[in-house]
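Engineer: Just passing along the structure, written as structure tokens.
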Amino acid sequence: MQAPDILCIGSVLWDIIGRSPTAMRVGSDVPGRITRLPGGVAMNIAMTLRRFGLTPALLSAIGRDPEGDELVAACARMGLDTAQLYRSEDLPTDRYMAVEGANGLIAAIADAHSLEAAGDKILRPLADGRLGSEAAPYAGLIALDGNLTEALLADIASSPLFAAADLRIAPASPGKAERLSPLLSHPRATLYLNLEEAGILCRARFEGAEAAALALLERGAERVLVTDGGRACADGRRGLGVLTGTPPAVLVTRVTGAGDTFMAAHIVAERRGDPREAALTAALRAAADYISGEIGS
Numbered sequence: 001m002q003a004p005d006i007l008c009i010g011s012v013l014w015d016i017i018g019r020s021p022t023a024m025r026v027g028s029d030v031p032g033r034i035t036r037l038p039g040g041v042a043m044n045i046a047m048t049l050r051r052f053g054l055t056p057a058l059l060s061a062i063g064r065d066p067e068g069d070e071l072v073a074a075c076a077r078m079g080l081d082t083a084q085l086y087r088s089e090d091l092p093t094d095r096y097m098a099v100e101g102a103n104g105l106i107a108a109i110a111d112a113h114s115l116e117a118a119g120d121k122i123l124r125p126l127a128d129g130r131l132g133s134e135a136a137p138y139a140g141l142i143a144l145d146g147n148l149t150e151a152l153l154a155d156i157a158s159s160p161l162f163a164a165a166d167l168r169i170a171p172a173s174p175g176k177a178e179r180l181s182p183l184l185s186h187p188r189a190t191l192y193l194n195l196e197e198a199g200i201l202c203r204a205r206f207e208g209a210e211a212a213a214l215a216l217l218e219r220g221a222e223r224v225l226v227t228d229g230g231r232a233c234a235d236g237r238r239g240l241g242v243l244t245g246t247p248p249a250v251l252v253t254r255v256t257g258a259g260d261t262f263m264a265a266h267i268v269a270e271r272r273g274d275p276r277e278a279a280l281t282a283a284l285r286a287a288a289d290y291i292s293g294e295i296g297s
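No gaps in the numbering here: position 19 of the sequence shown is 19 in UniProt numbering, and each next residue is one more.
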């Protein structure tokens, strides 16, 4: 397999998603479909990058159980580089479970305990010479998700192994957004957040993405992209200000993975040299296509 174009570090697991075309509330019991697909933030980003023609390498923890073997085989069939995965003998393969209705995500539970337990073992290829070392740190693109522990994310923020990388960071969920605080002021980091996650990092509430992006820049961020569902999103960059874009209006058929698709499409657009406004437009279009079902899972 060719050298990877980008490293995707974080959760690679099975997504178990129940979807119904009916609007739902707490306690609803409705007909629908239940699917199991490869998922996790790092995995979703990698799959989208692959659809755009890039070759991503996965750095994550996957068990040596039957579910893990199936997952690694599925990754390989999609053309993802699995050579750097940490395969654990005693940790089970992680899972994510969500329920979605016509009115969006109803509830979700992420079981990423094995990834958390593996800790810095997943980063060994960046230190032992396979992908880099402290003396010659990896200098390419890295997509990093917030499913890692708070302690490991804090180590990454100051680690020489990440000093030369173009670091693209996303929380795994609003509940894990605060874990990214040590990385907020990293000089080579771009953070991809939704409005709720931005508010958690700033310990504030915002009316819109533009205000959130400005606040994050004031708190020391070098680069942030803040989304707000179907409302305007914002791209803020230190010294260049904030620009905004509005997502295309589409029929919502799914939401799990939309933020990861936005992030991946934005990375691809910037990698090919698109200016900020064009990259933002391309990412919004890709996310809208995904939400409407025009891009396959």
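The C-beta atom is built at its ideal place from N, Cα and C for all residues, glycine as well.
1. Quick check: residue 96 and residue 39, are their CB atoms within less than 9 angstroms of each other?
2. Straight-line CA distance for residue 70 to residue 77?
3. Given that a residue counts as buried once 16 or more other Cβ atoms are within 10 Å of its Cβ, and exposed if not, what is residue 85?
4. Relative to the alpha-carbon of residue 160, which residue among 119, 83, 188, 24 has its alpha-carbon at the smallest distance?
5. Which residue from 144, 148, 35, 58 puts its Cα closest to that of residue 100?
6. To which residues does DSSP link residue 100 through a beta bridge?
7. Could you tell me which of 157, 202, 156, 163 sits nearest to residue 177, measuring between CA atoms?
8. Looking only at its own chain, which residues have a Cβ that is under 7 angstroms from the Cβ of residue 103, when we skip the five neighbours before and after it?
9. At the level of alpha carbons, what is the spacing between residue 67 and residue 98?
10. For residue 21, count the other beta carbons within 10 Å of its own beta carbon; 16 or more makes it buried, fewer makes it exposed. Which is it?
11. Answer yes or no: do residue 115 and residue 151 have a C-beta to C-beta separation smaller than 9 angstroms?
12. In this structure, what does DSSP give as the bridge partners for residue 169?
13. Which residue's Cα is closest to the Cα of residue 247: 277, 199, 281?
14. By how many angstroms is the C-alpha of residue 285 removed from the C-alpha of residue 292?
15. Using DSSP with H/G/I as helix, E/B as strand and the rest coil, what is residue 63?
16. Extract the residue ranges of the beta strand (DSSP E) inside the stretch 223-278, only unbroken runs of 3 or more that lie entirely within it.
17. Can you list, in chain order, the residues of its chain whose CB lies under 6 angstroms from that of residue 261, leaving out five sequence neighbours each side?
18. Keeping to the same chain, check which residues put their C-beta closer than 7 angstroms to that of residue 63; ignore five residues upstream and five downstream.
19. Please go through the stretch 174-220 and give each complete beta strand (DSSP E) segment of 3 or more residues, from N-terminal end onward.
20. Confirm, please, whether the CB-CB distance from residue 138 to residue 170 is below 9 angstroms.
21. So the alpha helix (DSSP H) residue 88 belongs to, where does it begin and stop?
22. Round the Cβ separation of residue 245 and residue 233 to the nearest angstrom and send it over; I've been treating them as touching at under 8 angstroms.
23. If we ignore side chains and look at the alpha-carbon of each, how far apart do residue 228 and residue 32 end up?
24. Please tell me whether residue 182 and residue 156 are closer than 9 angstroms, where the distance is taken between their beta carbons.
Structural biologist: Taking the structure as given:
1. Stepping through the sequence shown from its first residue, residue 96 is reached at position 96. Stepping through the sequence shown from its first residue, residue 39 is reached at position 39. Yes, they are a contact pair.
2. Position 70 of the sequence shown, counted from the first residue, corresponds to residue 70. Position 77 of the sequence shown, counted from the first residue, corresponds to residue 77. Whole-angstrom Cα-Cα distance: 11 angstroms.
3. As a working mapping, residue 85 is identified with position 85 in the sequence shown. By the neighbour-count rule (16 or more Cβ atoms within 10 Å), residue 85 is buried.
4. To locate residue 160, count along the sequence shown from 1; it is residue 160. Ranking 119, 83, 188, 24 by Cα distance to residue 160 puts 188 first.
5. Position 100 of the sequence shown holds residue 100. Closest option to residue 100, judged by alpha-carbon separation, among 144, 148, 35, 58: 35.
6. Your numbering for residue 100 matches position 100 in the sequence shown. According to DSSP, residue 100 bridges with 19, 105.
7. Position 177 of the sequence shown, counting from 1, holds the residue named residue 177. If we check each option's Cα against that of residue 177, 202 comes out closest.
8. In the sequence shown, residue 103 corresponds to position 103, counting from 1. If we look at residue 103 and ignore the five residues flanking it on each side, its Cβ neighbours are 23, 24.
9. Against the sequence shown, residue 67 aligns to sequence position 67. Against the sequence shown, residue 98 aligns to sequence position 98. Note on geometry: alpha-carbon atoms of residue 67 and residue 98 lie some 18 angstroms from one another.
10. Walking along the sequence shown from the start, residue 21 turns up at place 21. So residue 21 counts as exposed.
11. Looking up residue 115 in the sequence shown gives position 115. Looking up residue 151 in the sequence shown gives position 151. Contact: no.
12. Your numbering for residue 169 matches position 169 in the sequence shown. Residue 169 is bridged to 144, 191.
13. If you number the sequence shown from 1, residue 247 lands on position 247. With distances taken between Cα atoms, residue 247 lies closest to 281.
14. The residue labelled residue 292 in the question sits at position 292 within the sequence shown. The residue labelled residue 285 in the question sits at position 285 within the sequence shown. So the alpha carbons of these two residues sit roughly 11 angstroms apart.
15. As a working mapping, residue 63 is identified with position 63 in the sequence shown. Note: residue 63 maps to strand in three-state DSSP.
16. Correct list: 223-228, 231-237, 241-245.
17. Working through the sequence shown from its first residue, we reach residue 261 at position 261. Contacts found: 48, 286, 287, 290.
18. Working through the sequence shown from its first residue, we reach residue 63 at position 63. Hits under 7 angstroms: 88, 91, 92, 93, 114.
19. Segments of the beta strand (DSSP E) lying fully in the stretch 174-220: 189-194.
20. Indexing the sequence shown from 1 puts residue 170 at position 170. Indexing the sequence shown from 1 puts residue 138 at position 138. Not closer than 9 angstroms, so no.
21. For the purposes of this step, residue 88 is taken as residue 88 along the sequence shown, with counting starting at 1. Segment 86-88 is the beta strand (DSSP E) holding residue 88; no alpha helix (DSSP H) there.
22. Position 245 of the sequence shown, counted from the start, is the residue given in the question as residue 245. Position 233 of the sequence shown, counted from the start, is the residue given in the question as residue 233. Contact between residue 245 and residue 233 is confirmed by a C-beta separation of about 6 angstroms, below the 8 angstroms threshold.
23. Numbered from 1 along the sequence shown, position 228 holds the residue referred to as residue 228. Numbered from 1 along the sequence shown, position 32 holds the residue referred to as residue 32. If I take the Cα positions, the gap works out to 27 angstroms.
24. Numbered from its first residue, the sequence shown carries residue 182 at position 182. Numbered from its first residue, the sequence shown carries residue 156 at position 156. Going by C-beta atoms, residue 182 is nearer than 9 angstroms to residue 156.
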